[in-house]
Amino acid sequence: MRHYFHGGIHPADGTDKLLSNQKPIRIYTPTIVEISMKQSLGSICEAVVKVGDKVSRGDLIGKPIKFGGANIHASISGTIIEIRKDSDLSDIDVEIIVIESDNNNTEAKYPIGDYEKKLIDLSEYTKEMIITKMSYGGLTGLGGAGFPTHIKYETKERIKCILINAAECEPYLTCDHMLMIEHRYAIINGVLLFVKVSGAEKAIICFEDNKQDVAKDLERIVSDKGLPIEIKILPTRYPQGGERQLVEAVLGMEVPAGNLPASIGVIINNVGTAKALADIVLGDEPLITRVVTVTGKVKDPCNYLVPIGTRYNELIGLSGGYTTDKSRVISGGPMTGTCLQLAGSYDELTGSISKITSGLLVLEDAPKDESPCIRCGECERVCPAGLAPFKIDFAAIEGDIKLCDMLYATECISCGSCSYVCPAKRELAYRVTKAKTEIFRRRWESED
Amino acid sequence: MKLKVGNDLHEVSPHIEINRSTKVIMQDVVIAMIPALLGAIYFFGFNSLILVLAAVTTCVLSEYFWQKIRKEQLTVSDWSTVVTGMLIAFNVPSTTPIWAVMVASIFAIIVVKQFFGGIGSNFANPALMGRALLIFLWPASISGYVTTYHSATDAISSATVLGLYKTGSDFSRFSKWDMIIGNIPGCIGETSALLLLIGFAYLCYRRVVNIGATSAYILTVLLVTYVFARDGLFRGDILTNLLSGGLILGACFMMTDYASVAPRVKVTLAIIAGLITAGIRLWGMLPEGVSYGILVANCLSGIIEIIIRPHIYGVKVRKHKG
Amino acid sequence: MKDSRLKGIIALVVVTILAFGVIYGSKILVKDETGNNNQTQEDLPGAIDVTGAEGIVSAREITDDSGTVTAYSVVAKAKGFAPPTNPVTWEVIFENDAKTIKEVKIVSHGETPGYGAAMEESSYLDQFKGIPAPIYLKGKAPVSDAATDTPNVSGGLQDGIYSARTEEADSSGFIYLLTIKVENGNITSVVFDAMNREGEYKSYLSTVGEYTMTEDGLTWKEQADALANYILENQSIEGLTVDENGKTDVVSGVSISIDDFLELTEKALVKAASGEGAEAIGTGDTGVVAAGNGEVGEIDGVSGATVTTDAILQLVNNAYEFISAYAGK
């Protein structure tokens, strides 16, 4: 079986991750959290509380207004002091619930339970029970798009295999790595829950070879116990953690275009999601905390366990502030993350941690100027979907959406590899993604 | 739908980029050609340096003025014109008049490159088109091959080794060693296999090119000329075919041109170019077929790309209509 | 990345310098070899100064232990069929009379395999042993004074062999050659032919069918012979009229353009009238004949390679002239 996916890049040399994976996870509890009712793309909730209400840790405060969302819970105990409307990057009004802590006893912590120390007998848990808890606990993918996990498991397809994505292929980020070091039993229990709920034959935990230490640890735990868990070590390459790429690399199969991995009997979950599932089901705590990597050009790069809704500026402050004047602050990884701020002080940084915020990254901002494509073909070579981004780019600039469609712009996974390697510094990923969105918009319109 | 181009996109992901730009790539190509240029100066005298400088200057100036007049984005600073200029000069013998080199340079930059949209949009290698123009209009201007300064006698006109080989004449006065180091008559930049390969190794090390198309091209030419030799089947002179003409220059520096050789199908194109080159060498009128072989492959680039379809993830195994 | 570039450039520079070292070194080696050759020749006792002597590469006296000169060695060159960069170079060793050839050795040549290169055959080289210089092609040696009468001047033509050739090749690459032989004042033989770069004769080509004029007419050779016969019958070219196309209808069956033929015959006859440039008439195939002061050296040409043969004749005779002048004999 091959362990490669098509294309891919090596965007960093490995030293980037060393910045933040040398220190244990620090726990931080802010006195004020700002919880956005939009925790991930396309999942908008409405507040079920009002200003002045007292909430305790884990209380439901937001419910999804349409299919495809997940519940939102209060991440600290306290009083709702404000619910304000804010327009996010995509210009949709989103409610933000601000909670002020009433005392300092409710610090962010993982619930302590046996599941953190040993393997739990899961025989008493049924599929329905787990899915209900998953759904109530507001579990979403913690790695990327933040798709509600219970929807994934409500599929009618027969699931044969669960892939646990522990690749953490984005440069700089180490939150999953650190989580696996400190909570290995919780993770194994979470994975077993996934196997249980899906009825799959086995789960494969997929590592990149830069995390061999943890992989060996987990292997020791699962070996000789007859557990339906395999450990797989893959060569380090971006975007290993893309769902489709992981399926290709590990199983040697391709997910048919326009289908979910479930169509070939596979579900992919992030390793952080497995930990969160264990917390929800075995620790009875909804998804209200997560580990965030704060790294890059900050004085003290580290991983923090924080409540959802912790403000960005507080985290940067904790890490000692920027070490560069030309700062470029990114939420998420450097390849797919969103730019939050360019060249400012961190006090002015707005926004807060959501369920999908895996990192807060400060980079040195460098001027970048697009020049004409020289057709070196690098983007085509690295594209994991096998597209020719430079051609789609030409077509998109001309506004020829039909041509973009013929060039399979719809299959773009927006990994950013093409823009990364482009010697002409063209923003290929941006325009291909735009073209993809436009194609889908037109398809929906024509179907209506 | 409106799409932004240029500086407005400063904040879109990805936020890191490869430490490599068009300029760096082109500079690397220039650096890789310098050993061969030094060799040319050593073998053919300073006249070859003058030709190279004339070609480069003409190329850069014509691109600069063209873009100034047309008020286009200036791309002179990306060094690609320097590469074109050097390649033009590399593809003519040292006796070529300067005006001919300048005409070829202007033609290559203005007609072949800018008419079709500038860097990256040229359908064929500008340098080879410049050479083709000279062959077409003033064949005499670029057929004055001379022996090198360091051959047994003074610089005198002489047929190229490949020309002698083709007509079945005796070329034993040029040893294989002479051919390797470049001590043979020929175009400025093509004679020294040794120095060209040193430059090519640098390009490979810098990952500007990979060895696929280059080796496919060379192997095809050698195989065909070996099998269908003048003296009978399987009796071709492999070393002479490899070393005596522009094969190595073409394979290392022109078959690897980005714009005119679609990268995805470059090996296929290299094989096609190899077949044509070998065909011209064996049965054509001219002794050398490298430039035409590559030019024909350039023109076929588009159609081959259509014939050999890329594999799109998930598309062939599509289950439902997507 | 920047590091990789710096490393790459450093490696490139180092390797390039090495390569130039190799290139330059190989040149010095080659030079040394030739230099050494010269050196050894000059260092050998008895080296003769060859400055100013064209075509002579080197020469030396070969002496025995007592210092008496036993032989002379002359290395001479002449342009053969190959370009001037690669002349035919031979070492010719003369007896101590500076006339009789003891031995010849090929130093180098660039002649075509199968043609001029046939001179390498030992049977060919052996024929030089023991013959006196100057040498002539068989049948071309001058007759000795003793064997010939004073040239016959009757009929206005002096006895001898006269030849003429066109200076430049025609469009097909042929050079036309005409040789007449005058005996007792009469033209007794006319040979008209043409030769191409490869040294192939048109008469031969037309006979074997590689040079065809018309499908049913006379071959080129037959036509050339017909023209020659006309001269033999009429003892002149008068009456051989030419139309505006350069053709004649005086000789039946001849369709070739005869301008060259007429021009060359005229030239040869002019020579014959003055006796200038006459090659004495040999005695046929009997080989060596007595010459004025000894024997005459005759050799076979290298078959099929006239140019090479010429070069050999030229260089051997050149060597002889040089050494005889040196030896004062």
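Protein chains in written order, with this note's numbering: chain U, 688 to 1135; chain L, 24 to 345; chain E, 2 to 330.
We put the CB at the ideal spot given by N, CA and C, even for glycine.
Computed from a prediction, not measured in an experiment: that's the story for all the values here.
Residues of chain L with a CB under 9 Å from the CB of residue i: which are they?
i                       : result
residue 961 of chain U  : Chain L residues near residue 961 of chain U: none, gap ~26 Å exceeds 9 Å.
residue 174 of chain E  : By Cβ distance, chain L contributes nothing, its closest Cβ being about 13 Å from residue 174 of chain E, past 9 Å.
residue 988 of chain U  : Chain L residues near residue 988 of chain U: none, gap ~16 Å exceeds 9 Å.
residue 1106 of chain U : 35, 36, 37, 40
Please list, in chain order, the chain L residues whose beta carbon lies closer than 8 Å to that of residue i.
i                       : result
residue 27 of chain E   : 200, 204
residue 1022 of chain U : 36, 37, 38, 39
residue 1038 of chain U : Chain L residues near residue 1038 of chain U: none, gap ~14 Å exceeds 8 Å.
residue 23 of chain E   : 204, 217
residue 1103 of chain U : 36, 37
residue 1067 of chain U : 286, 287, 333
If you measure between the beta carbons of residue i and residue j, is that distance less than 8 Å?
i                       : j                       : result
residue 1057 of chain U : residue 1112 of chain U : yes
residue 952 of chain U  : residue 847 of chain U  : yes
residue 1005 of chain U : residue 1047 of chain U : no
residue 333 of chain L  : residue 1103 of chain U : no
residue 9 of chain E    : residue 228 of chain L  : yes
residue 812 of chain U  : residue 889 of chain U  : no
residue 127 of chain L  : residue 154 of chain L  : yes
residue 698 of chain U  : residue 327 of chain L  : no
residue 1076 of chain U : residue 1115 of chain U : yes
residue 68 of chain L   : residue 117 of chain L  : yes
Check the C-beta distance from residue i over to residue j and give it rounded, since I have them as a contact under 8 Å.
i                      : j                       : result
residue 275 of chain L : residue 237 of chain L  : 6 Å
residue 878 of chain U : residue 818 of chain U  : That pair is no contact at about 16 Å.
residue 990 of chain U : residue 827 of chain U  : Between residue 827 of chain U and residue 990 of chain U the Cβ distance is about 20 Å, and since that is not below 8 Å, they are no contact.
residue 299 of chain E : residue 78 of chain E   : No, residue 299 of chain E and residue 78 of chain E are not in contact; Cβ-Cβ is about 23 Å, not under 8 Å.
residue 185 of chain L : residue 251 of chain L  : Going by Cβ atoms, the distance from residue 185 of chain L to residue 251 of chain L rounds to 16 Å, so no, they are not a contact pair.
residue 998 of chain U : residue 1039 of chain U : 5 Å
residue 979 of chain U : residue 1044 of chain U : 6 Å
residue 56 of chain E  : residue 316 of chain E  : 6 Å
Looking at the secondary structure, which residues open and close the alpha helix (DSSP H) in which residue i lies?
i                       : result
residue 109 of chain E  : Note, residue 109 of chain E: premise wrong, no alpha helix (DSSP H); beta strand (DSSP E) at 102-109.
residue 1082 of chain U : 1076-1085
residue 72 of chain E   : Element bounds for residue 72 of chain E: not the alpha helix (DSSP H) but the beta strand (DSSP E), 70-79.
residue 1104 of chain U : 1104-1108
residue 1040 of chain U : No alpha helix (DSSP H) contains residue 1040 of chain U, which DSSP labels as neither H nor E.
residue 1046 of chain U : Counting along the chain, residue 1046 of chain U falls outside any alpha helix (DSSP H), though it belongs to the beta strand (DSSP E) covering 1046-1051.
residue 164 of chain E  : Element bounds for residue 164 of chain E: not the alpha helix (DSSP H) but the beta strand (DSSP E), 161-166.
residue 1091 of chain U : 1088-1093
The beta strand (DSSP E) spanning residue i covers which residue range?
i                       : result
residue 1015 of chain U : 1014-1018
residue 932 of chain U  : It is not in any beta strand (DSSP E) - residue 932 of chain U instead sits in the alpha helix (DSSP H) that spans 930-938.
residue 751 of chain U  : 747-751
residue 638 of chain U  : Because residue 638 of chain U is not part of the residues shown, which for chain U are 688 to 1135, the question remains open.
residue 193 of chain E  : 187-196
residue 177 of chain E  : 176-184
residue 1025 of chain U : 1025-1029
residue 1066 of chain U : Careful: residue 1066 of chain U lies outside any beta strand (DSSP E), inside the alpha helix (DSSP H) at 1065-1069.
residue 898 of chain U  : Unbroken run through residue 898 of chain U: none, as it is neither H nor E.
residue 264 of chain E  : Counting along the chain, residue 264 of chain E falls outside any beta strand (DSSP E), though it belongs to the alpha helix (DSSP H) covering 260-275.
Which residues of chain L have a Cβ atom closer than 7 Å to the Cβ of residue i, listed in chain order?
i                      : result
residue 59 of chain E  : Going along chain L, no residue has its Cβ under 7 Å from residue 59 of chain E, so there is no contact; the nearest lies around 16 Å.
residue 10 of chain E  : 54
residue 16 of chain E  : 221
residue 219 of chain E : Those within 7 Å of residue 219 of chain E in chain L number zero; the least Cβ separation is about 32 Å.
Along chain E, in chain order, which residues have C-beta atoms closer than 8 Å to that of residue i?
i                      : result
residue 61 of chain L  : 17, 21
residue 229 of chain L : 5, 6, 9
Which chain E residues are close to residue i, counting only those with a beta carbon under 7 Å from its beta carbon?
i                      : result
residue 310 of chain L : Going along chain E, no residue has its Cβ under 7 Å from residue 310 of chain L, so there is no contact; the nearest lies around 16 Å.
At a CB-CB cut-off below 9 Å, which residues of chain U make contact with residue i?
i                      : result
residue 141 of chain L : 1059
Inside the region 93-166 of chain L only - alpha helix (DSSP H) runs reaching at least 4 residues: Runs of the alpha helix (DSSP H) lying entirely within the region 93-166 of chain L and spanning at least 4 residues, in chain order: 103-113, 121-129, 149-160.
Length-filtered (3 minimum) beta strand (DSSP E) runs lying within the region 117-141 of chain E: DSSP assignment within the region 117-141 of chain E yields the following whole beta strand (DSSP E) runs of 3 residues or more, N-terminal first: 136-138.
task: With a floor of 4 residues, list each alpha helix (DSSP H) that falls wholly inside the region 795-834 of chain U, ordered by position along the chain.
output: Entirely contained in the region 795-834 of chain U, the alpha helix (DSSP H) runs reaching 4 residues are, in chain order, 814-823.
Whole beta strand (DSSP E) elements within the region 197-261 of chain L, 3-residue minimum: You should have found no qualifying run.
- prompt: In the region 958-1022 of chain U, which residue ranges form an unbroken beta strand (DSSP E) of at least 3 residues, counting only runs that do not cross its ends?
  reply: If we require 3 residues or more, the beta strand (DSSP E) runs fully inside the region 958-1022 of chain U come out as 976-983, 989-994, 1014-1018.
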